[in-house]
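Student: Quick one: the structure is below, and I'll ask about it shortly.
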Amino acid sequence: MRKAFAVVSTALLIVFALQFVFAAVGAFTKPQADSSYALHSLTGMAVIPLLTLLTTLFAYLAKAPGRLIGLSILPLGLTILQALLAMLANAFTDASGGSTVAGLIVGGLHAVNGIVAVHIVVAVVRGARKLAQSPNAVERESAAAPSVDVA
Amino acid sequence: MTTGSLLAADLVVAVLVAAGWLAAGAVAAAGRRRIALGLATCALTATIGRAITIVALSRDGWWFAAEKVLIAGPLLVAGVAVAALALLRKRTESVALLFAGYASTAAVLVTVLHGYPVSGGVALYAVSGVAAATAVTWRVLGPRPSPTVSRAAVVVAIAALVAGTGLAASAGATPAPQHQHAPVAGPAVSEPAASEPARQFTLTAGTATVEAGGKKVEAWAFNGQVPGPEIAATVGDVIEVKLRNRDIDRGVTLHWHGYDVPNDQDGVPDVTQAAVLPGQEFVYRFRADQAGTYWYHTHSASDVGVRMGLYGVLVVRPRPVSGLDVIVPVHTLSGQILPAPAVTAAAPGSPVRLRLINTDSTTHRYAVAGAPFRVAAIDGMDLRHPSPLSEQALLIPAGGRYDVLTTAPAVLYVDGRQLWSTGAQPVETAHWPVFDPLTYGTAEPVPWSRFDRSFTLVLDRGLDLRGLLPRYAHTVNGAADPDIPVQFVRRGDIVKFTIVNRSLVVHPWHLHGHHVLVLARNGQPATGSPLWLDSFDVRPGEVWEVAFEANNPGMWANHCHNLPHAGAGMMLHLAYE
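Listed in order, the protein sequences are those of chains A and B.
Letter 133 of the first sequence, counting from 1, is numbered 133 in the numbering used here, and no numbers are missing.
Letter 115 of the second sequence, counting from 1, is numbered 115 in the numbering used here, and no numbers are missing.
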């Protein structure tokens with residue numbers, strides 16, 4: 001189970017990296033249309049939430065310390081927030097659909113939130129790997145939570 | 001504060017509430033009690049803020065606040081009560097704070113995923129989710145709850161899930177919309193006899209490379225040009241258009257946008273005709289009995305079809321053209337604005353008629369500078385006693401048309417870009433206030449004193465699980481095409497629509513086959529010239545009341561003319577009994 005936890009969390013990290021690529025694909029697609037970000041939206045609203053839930057499930061089954069389980073569910077909340085930020089950024093437009101300062105600030109937060117989320121996933125992956133490598137992780141679990149540094 | 005900005009503010013506050021309680025819970029779980037208390041105080045403040053936004057929204061209209069009062073409210077109250085109790089008793093604080101976090105997260109998700117109409121099923125799903133998440137949290141964080149508490153949480157979660165599914169399923173079991181696919185050739189518009197001579201046009205749809213903004217771009221075009229050939233007629237003419245499809249795989253049709261043709265000429269695939277596939281053809285024939293500025297476009301895969309260039313101008317003049325008559329059908333093709341900027345020489349003082357058309361899916365801002373102007377007609381219908389205007393910008397909705405009368409020298413700007421002029425000096429127009437057609441011209445009493453049918457259309461976004469793949473649809477009354485029930489009227493009925501926009505984006509509303517008379521916006525009656533529109537922007541938080549006489553029998557599309565929205569569910573039908 002600890003191995004599975006490490007594998008799934010690593011997969012989540014890879015998808016997160018791809019998500020940045022898909023964002024760039026959307027930004028550089030010419031001409032811009034609602035469909036430019038289709039890949040980015042699909043990954044963000046379906047693949048990442050599913051993988052996050054799976055990671056959390058494996059963290060629980062692997063008897064990871066509570067803090068690591070909490071950390072592994074956190075990207076789910078941030079992903080919901082991420083979708084809401086994208087929606088709000090598009091909502092703050094002027095009468096003819098142009099961007100506004102408020103919209104751009106919210107849009108900027110979308111990027112910041114993405115960076116925060118990926119750092120948390122990095123921390124989860126580190127915690128999961130540590131757990132998978134340590135032979136007596138179960139005993140250590142009750143003693144102290146492994147130090148997880150949020151990079 | 002407008003209702004639209006209140007809707008956005010409420011969502012922002014709702015997110016802060018959820019983030020605050022969740023963060024407080026997480027910090028409490030990590031053993032930092034003082035920080036947790038600080039965060040809980042912030043969350044409580046935000047929760048009070050949300051109570052204020054909810055009350056304010058409910059004063060603007062129950063549509064905007066129903067689920068917030070009935071579902072989010074109790075969830076938030078339960079969250080605050082449990083968190084406060086635990087903090088006072090200093091027991092299971094982290095679980096209680098996280099419970100408040102889950103409850104407030106569910107409160108946001110209800111609004112975002114299925115806010116209107118309020119549904120017991122959705123409320124039970126929310127309860128189930130909160131109970132399940134709390135039960136799991138409790139197990140993980142310890143101290144382990146007593147078996148009774150644990151079992152109770154599981155039972156609540158499962159019972160709510162089952163009951164919610166039952167309610168959702170029974171709500172979904174309403175009779176399927178009966179789409180009758182037989183178009184009706186109504187005698188409302190006088191049918192031209194087959195023998196009568198007609199103005200004939202042939203439009204061949206095909207892929208093409210056209211020039212836009214100095215670049216060669218891929219397009220779908222009628223007769224190899226974007227926009228397609230101009231169809232011009234004089235009132236009383238019979239128009240006959242032969243539509244051919246050379247190689248547009250998704251099919252084409254011609255919809256005469258705003259022109260109230262008989263139903264079988266309306267060009268809506270699978271409703272009034274079959275889409276014209278490659279190699280096929282279809283002949284449209286109708287009498288041009290309404291003067292005004294209109295346009296035509298494909299209605300088959302209309303989102304991509306119109307965007308790629310399958311559109312053109314339809315102008316019907318009361319008499320042969322005299323003076324300067326300039327048609328400006330604005331379109332964005334591959335990111336380039338059409339038409340190309342043009343200059344027409346005109347003697348100072350000579351009259352100019354500008355026919356401004358918005359063929360895009362979003363609103364454009366038009367500014368006419370150089371001389372005072374009048375808005376003579378909107379959506380092809382003349383206005384009563386239009387007064388001279390200057391330094392006011394015109395916001396034309398997707399699909400809408402304004403006829404503007406001015407004199408040379410004149411300049412036309414679209415979104416700040418000069419698109420046409422008589423060689424006049426450039427003017428700064430960005431700060432101009434926006435023209436409001438509801439208070440322009442002189443009023444006339446509404447021709448009806450009673451309404452035989454009233455329909456309310458609440459526009460929103462929501463999760464649509466009925467298709468093969470779940471999608472985040474644009475919804476009307478909580479449903480998405482093709483699951484929105486058909487609305488039935490009887491011939492001769494006076495029909496009233498109340499259109500409410502609960503969402504965060506503009507929805508340009510477009511009913512086929514009829515012009516609607518604007519009665520009121522946000523409860524304020526229209527005081528200007530009677531406005532007979534076929535395309536009007538319902539902005540976030542706005543409520544429009546419009547009415548029309550059911551005098552053109554058939555099955556008519558009634559949809560958002562932001563075509564990606566229509567494709568994502570915001571389309572329903574009006575049928576005659």
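All C-beta atoms in this analysis are idealised placements derived from N, C-alpha and C, irrespective of residue type, glycine included.
In this text the structure is predicted, and so the values were computed from the model without any measurement.
With a Cβ-Cβ cutoff of 8 Å, do residue 609/B and residue 39/B count as a contact?
Tutor: With chain B running from 1 to 577 in the structure shown, residue 609/B is simply not present.
Student: Check the Cβ of residue 104/A against every Cβ in chain B and list those closer than 7 Å, keeping chain order.
Tutor: Here residue 104/A is taken as the residue at index 104 of the first sequence, counted from 1. Within 7 Å Cβ-Cβ: nothing; residue 104/A doesn't reach chain B, min ~15 Å.
Student: So, does the segment 403-414 of chain B touch the segment 493-505 of chain B, judging by three or more C-beta pairs under 8 Å?
Tutor: No: fewer than three Cβ pairs fall under 8 Å.
Student: Ignore the nearest five residues each way along the sequence and tell me which others in residue 113/B's own chain have a CB closer than 7 Å to its CB.
Tutor: As a working note, residue 113/B is residue 113 in the second sequence. Result list for residue 113/B: 462, 463, in chain order.
Student: Among the residues of its own chain, which have a CB less than 7 Å from the CB of residue 2/B, if the five just before and after it don't count?
Tutor: Numbered from its first residue, the second sequence carries residue 2/B at position 2. Counting only Cβ-Cβ distances below 7 Å, and skipping sequence neighbours, we find 541.
Student: Which chain A residues are close to residue 427/B, counting only those with a beta carbon under 8 Å from its beta carbon?
Tutor: On the second sequence, residue 427/B is found 427 positions in, with the first residue counted as 1. Result: empty, since nearest Cβ-Cβ is about 18 Å, beyond 8 Å.
Student: Using 8 Å as the limit for Cβ to Cβ distance, is residue 67/A near chain B?
Tutor: Locating residue 67/A in the first sequence gives position 67, where the first residue counts as 1. Yes, residue 67/A lies at the interface with chain B (some Cβ there is under 8 Å from its Cβ).
Student: Among 18/B, 156/B, 301/B, whose alpha-carbon lies nearest the alpha-carbon of residue 124/B?
Tutor: Here residue 124/B corresponds to residue number 124 of the second sequence, with the count starting at 1. The option with the nearest alpha carbon to residue 124/B is 156/B.
Student: For the segment 6-20 of chain A, list every residue whose C-beta sits within 7 Å of some C-beta in chain B, in sequence order.
Tutor: Going along the segment 6-20 of chain A in chain order, one finds no residue with a Cβ nearer than 7 Å to chain B.
Student: Go ahead and pull the three-state DSSP assignment for residue 150/A.
Tutor: As a first step, residue 150/A is located in the first sequence; it is residue number 150 there, counting from the start. Caution applies to residue 150/A, whose pLDDT of 44 falls short of 50 and renders its modelled position unreliable; the model cannot decide the point.
Student: Between which two residues does the beta strand (DSSP E) carrying residue 317/B extend?
Tutor: Taking the first residue of the second sequence as 1, we reach residue 317/B at position 317. From DSSP, the beta strand (DSSP E) with residue 317/B extends over 311-317.
Student: For a cutoff of 8 Å on Cβ pairs, would you count residue 88/A as touching chain B?
Tutor: Reading the first sequence from its first residue, position 88 is the one you call residue 88/A. Yes, because at least one Cβ of chain B sits closer than 8 Å to the Cβ of residue 88/A.
Student: Grab me the residues of residue 72/A's own chain with a C-beta within less than 6 Å of its C-beta, minus the 5 sequence neighbours each way, in chain order.
Tutor: In the first sequence, counting from the first residue as 1, residue 72/A sits at position 72. Cβ neighbours of residue 72/A beyond the five flanking positions: 55, 56, 59, 124.
Student: Within 10 angstroms of the Cβ of residue 68/B, are there 16 or more other Cβ atoms? Answer buried if so, exposed if not.
Tutor: Numbered from its first residue, the second sequence carries residue 68/B at position 68. Its Cβ being crowded by 16 or more others within 10 Å, residue 68/B is buried.
Student: Between the beta-carbon of residue 121/A and the beta-carbon of residue 39/A, is there less than 8 Å?
Tutor: Here the question's residue 121/A lines up with position 121 in the first sequence. Here the question's residue 39/A lines up with position 39 in the first sequence. The answer is no: Cβ separation not under 8 Å.
Student: Quick one: which chain A residues come within Cβ less than 8 Å of residue 334/B?
Tutor: The sequence position of residue 334/B within the second sequence is 334, counting from 1. Going along chain A in sequence order, the residues near residue 334/B (Cβ under 8 Å) are 30, 31.
Student: Following the continuous beta strand (DSSP E) through residue 242/B, name the residue where it begins and the one where it ends.
Tutor: In the second sequence, the residue the question calls residue 242/B occupies position 242. From DSSP, the beta strand (DSSP E) with residue 242/B extends over 238-245.
Student: Round the Cβ separation of residue 272/B and residue 263/B to the nearest angstrom and send it over; I've been treating them as touching at under 8 Å.
Tutor: Here residue 272/B refers to the residue found at position 272 when the second sequence is read from its first residue. Here residue 263/B refers to the residue found at position 263 when the second sequence is read from its first residue. Rounded, the Cβ-Cβ distance is 6 Å, consistent with contact.
Student: Would you please state the rounded distance, in angstroms, between the beta carbons of residue 26/A and residue 36/A? I believe it to be under 8 Å.
Tutor: As a working note, residue 26/A is residue 26 in the first sequence. As a working note, residue 36/A is residue 36 in the first sequence. Rounded, the Cβ-Cβ distance is 5 Å, consistent with contact.
Student: Using 8 Å for Cβ pairs, my map puts residue 235/B next to residue 198/B. What's the rounded Cβ distance?
Tutor: Along the second sequence, read from residue 1 onward, the residue named residue 235/B stands at position 235. Along the second sequence, read from residue 1 onward, the residue named residue 198/B stands at position 198. With 8 Å as the limit, residue 235/B and residue 198/B do not qualify as a contact, their Cβ atoms being about 14 Å apart.
Student: Could you check where the beta strand (DSSP E) with residue 500/B kicks off and where it finishes?
Tutor: For the purposes of this step, residue 500/B is taken as residue 500 along the second sequence, with counting starting at 1. From DSSP, the beta strand (DSSP E) with residue 500/B extends over 494-501.
Student: Let's test the definition: count the other Cβ atoms within 10 Å of the Cβ of residue 31/A and tell me whether it reaches 16, buried, or not, exposed.
Tutor: For the purposes of this step, residue 31/A is taken as the residue at position 31 of the first sequence. The residue in question, residue 31/A, is exposed, as its Cβ has fewer than 16 Cβ neighbours within 10 Å.
Student: Is it buried or exposed for residue 28/A, if we count other Cβ within 10 angstroms and need 16 for buried?
Tutor: For the purposes of this step, residue 28/A is taken as residue 28 along the first sequence, with counting starting at 1. Exposed, since its Cβ has fewer than 16 Cβ neighbours within 10 Å.
Student: Quick check on residue 70/A - is its C-beta less than 8 Å from some C-beta in chain B?
Tutor: Here residue 70/A refers to the residue found at position 70 of the first sequence. Output row for residue 70/A: interface = yes.
Student: Grab me the residues of residue 217/B's own chain with a C-beta within less than 8 Å of its C-beta, minus the 5 sequence neighbours each way, in chain order.
Tutor: Against the second sequence, residue 217/B aligns to sequence position 217. Same-chain partners within the cutoff: 209, 210, 211, 333, 334, 336.
Student: Within 8 Å of any Cβ in chain A, is that where the Cβ of residue 112/B sits?
Tutor: Locating residue 112/B in the second sequence gives position 112, where the first residue counts as 1. With 8 Å as the cut-off, residue 112/B counts as an interface residue toward chain A.
Student: What is the residue span of the alpha helix (DSSP H) that residue 563/B lies within?
Tutor: Reading the second sequence from its first residue, position 563 is the one you call residue 563/B. Where residue 563/B is concerned, the enclosing alpha helix (DSSP H) stretches over 563-567.
Student: Name the chain A residues that come within less than 8 Å of residue 26/B, Cβ to Cβ?
Tutor: The residue labelled residue 26/B in the question sits at position 26 within the second sequence. Residues of chain A passing the Cβ test: 70, 74.
Student: Leaving out five residues on either side along the sequence, give the residues of the same chain with a beta carbon under 6 Å from the beta carbon of residue 188/B.
Tutor: Translated into positions along the second sequence, residue 188/B becomes position 188. With a pLDDT of 47 at residue 188/B, under the threshold of 50, the predicted position of this residue should be treated as unreliable, and no value is reported.
Student: Taking one C-beta from the segment 526-540 of chain B and one from the segment 103-122 of chain A each time, how about it: are there three or more such pairs within less than 8 Å?
Tutor: Result no; under three Cβ-Cβ pairs closer than 8 Å.
Student: Between the segment 470-478 of chain B and the segment 431-445 of chain B, can you find at least three pairs of beta-carbon atoms closer than 8 Å?
Tutor: No contact exists between the segment 431-445 of chain B and the segment 470-478 of chain B.
Student: Taking all protein chains shown into account, decide if residue 449/B is buried (16 or more other Cβ within 10 angstroms of its Cβ) or exposed.
Tutor: Taking the second sequence and counting its residues from 1, one reaches residue 449/B at position 449. Exposed.
Student: Would you kindly work out how many angstroms separate the C-alpha atoms of residue 85/A and residue 509/B, rounded to a whole number?
Tutor: For the purposes of this step, residue 85/A is taken as the residue at position 85 of the first sequence. For the purposes of this step, residue 509/B is taken as the residue at position 509 of the second sequence. The alpha-carbon atoms of residue 85/A and residue 509/B are separated by roughly 26 Å.
Student: On the DSSP bridge assignment, give the partners of residue 218/B in chain order.
Tutor: Position 218 of the second sequence, counted from the first residue, corresponds to residue 218/B. In the DSSP output, where bridge partners are listed per residue, residue 218/B has 209/B.
Student: So who's on the other strand from residue 405/B, going by DSSP bridges?
Tutor: Counting from 1 along the second sequence, the entry for residue 405/B is found at position 405. Paired residues: 353/B, 374/B.
Student: Just reading off the alpha helix (DSSP H) that residue 74/B is part of, what are its end residues?
Tutor: Looking up residue 74/B in the second sequence gives position 74. Start and end: 73-89.
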